[in-house]
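Novice: Letter by letter, the sequence shown follows residues 12 to 236 in our numbering.
Each residue gets a CB set at the ideal place from its N, CA and C atoms; glycine is no exception.
These figures come from a predicted structure and were not determined experimentally.
Below: one structure in structure tokens.
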Amino acid sequence: MPTILLTGANRGIGKALAETYVADGWDVIGTCRDTSSVNIKGVEFHSLEVTEPDSIEHLKQAVDGRAIDVLWNNAGVYLDKGKGLNQLSDEEWLKTFHINTIAPMRLASAFVDNVANSNNKVMAFTSSQMASIKRNGGGAYAYRSSKTALNMAVNCLSQEVASRGVSCVVLHPGWVETDMGGSEADITVETSAKGMKNVVDPINPKLQNSYNGLFFNYDGSPIPW
Ligand code: NDP
Numbered sequence: 012m013p014t015i016l017l018t019g020a021n022r023g024i025g026k027a028l029a030e031t032y033v034a035d036g037w038d039v040i041g042t043c044r045d046t047s048s049v050n051i052k053g054v055e056f057h058s059l060e061v062t063e064p065d066s067i068e069h070l071k072q073a074v075d076g077r078a079i080d081v082l083w084n085n086a087g088v089y090l091d092k093g094k095g096l097n098q099l100s101d102e103e104w105l106k107t108f109h110i111n112t113i114a115p116m117r118l119a120s121a122f123v124d125n126v127a128n129s130n131n132k133v134m135a136f137t138s139s140q141m142a143s144i145k146r147n148g149g150g151a152y153a154y155r156s157s158k159t160a161l162n163m164a165v166n167c168l169s170q171e172v173a174s175r176g177v178s179c180v181v182l183h184p185g186w187v188e189t190d191m192g193g194s195e196a197d198i199t200v201e202t203s204a205k206g207m208k209n210v211v212d213p214i215n216p217k218l219q220n221s222y223n224g225l226f227f228n229y230d231g232s233p234i235p236w
């Protein structure tokens, strides 16, 4: 069975992704900060604070030698929701970058060998359409800039790992009903998770040129940078 390692698997879109992969028979390694109160049938949970190098190293040792077909960096924050530039502190902006931009790249580095040793060889990153400069609606300085920077970093990574057969994709999950997305959102977590899984499922080294370094909506349509 293929294996996925998924961050932020305890709630929201990550939980729905975990459940969708379990339902499809995958081995699911889920991470969250507090494993004591989480229990999703079929998910092997490990504790991970994505900004802590020691926490990443601990997880790395726990999955040492295992092939990971899909590493999915999903955990993220939107700390400046509803805040203007003048209400946003440097600390919030830096924290947003740490969680949304830097941590996914550190995790990619930590697990690239596991991914390269798998069949599918995929690194997926949950970004956001709010990262798109072409579609920018303004505001949300920290969140938007952190996801735009994530997109650039993933595109850089896609060039570095291409020779190993690894494909890196960034995905917009839609506007989704979660704690982050709110109750007015367009789609359910199930629709988002199933849609994104359908986008990621066909990716393998033979189709690398059609996916590596690209930005997709949850329905598979391309999103402009
Ligand atoms: P939620 O707020 O519902 O869940 C966020 C997840 O990220 C939680 O599992 C949370 O864990 C985890 N997380 C946050 N900070 C850390 C950290 N420092 N270390 C480890 N885990 C952390 O968000 P969504 O499910 O809505 O969002 C998931 C992803 O989708 C995010 O990257 C988000 O930016 C993106 N996205 C969401 C959209 C939406 O409409 N919902 C739209 C576009 C993009 P914990 O429970 O411990 O806090």
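Just checking my contact of A153 with D91 at CB under 8 Å: how many whole Å lie between their CB atoms?
Specialist: Translated into positions along the sequence shown, residue 153 becomes position 142. Translated into positions along the sequence shown, residue 91 becomes position 80. Right, the Cβ-Cβ distance comes to about 4 Å (below 8 Å), so this counts as a contact.
Novice: Would you mind giving the Cβ-Cβ distance between R175 and N125, rounded to the nearest angstrom? I have them listed as a contact below 8 Å.
Specialist: One-based indexing of the sequence shown puts residue 175 at position 164. One-based indexing of the sequence shown puts residue 125 at position 114. So it is not a contact: roughly 12 Å between Cβ atoms.
Novice: When you compare the region 160-178 with the region 102-117, are there three or more beta-carbon pairs, one atom per stretch, that lie closer than 8 Å?
Specialist: Yes, the region 160-178 is in contact with the region 102-117.
Novice: Can you give the Cα-Cα distance for G149 and S203, rounded to whole angstroms?
Specialist: Taking the sequence shown and counting its residues from 1, the one referred to as residue 149 is at position 138. Taking the sequence shown and counting its residues from 1, the one referred to as residue 203 is at position 192. When rounded, the distance between both Cα atoms is 24 Å.
Novice: Residue ranges of each alpha helix (DSSP H) run of no fewer than 4 residues wholly in the region 108-153, ordered along the chain?
Specialist: 114-127
Novice: Measuring only from the beta carbon, is W104 closer than 7 Å to any heavy atom that is part of the ligand NDP?
Specialist: To locate residue 104, count along the sequence shown from 1; it is residue 93. The answer is no for W104.
Novice: What residues are listed by DSSP as bridge partners for N84?
Specialist: Here residue 84 is taken as the residue at index 73 of the sequence shown, counted from 1. For N84, which the question treats as bridged, DSSP gives the partners F136.
Novice: Which two residues bound the contiguous beta strand (DSSP E) that contains G41?
Specialist: As a first step, residue 41 is located in the sequence shown; it is residue number 30 there, counting from the start. Here the beta strand (DSSP E) through G41 covers D38 to C43.
Novice: If we ignore side chains and look at the alpha-carbon of each, how far apart do L218 and W83 end up?
Specialist: Within the sequence shown, numbered from 1, the residue matching residue 218 stands at position 207. Within the sequence shown, numbered from 1, the residue matching residue 83 stands at position 72. Their backbone Cα atoms lie some 18 Å apart in a straight line.
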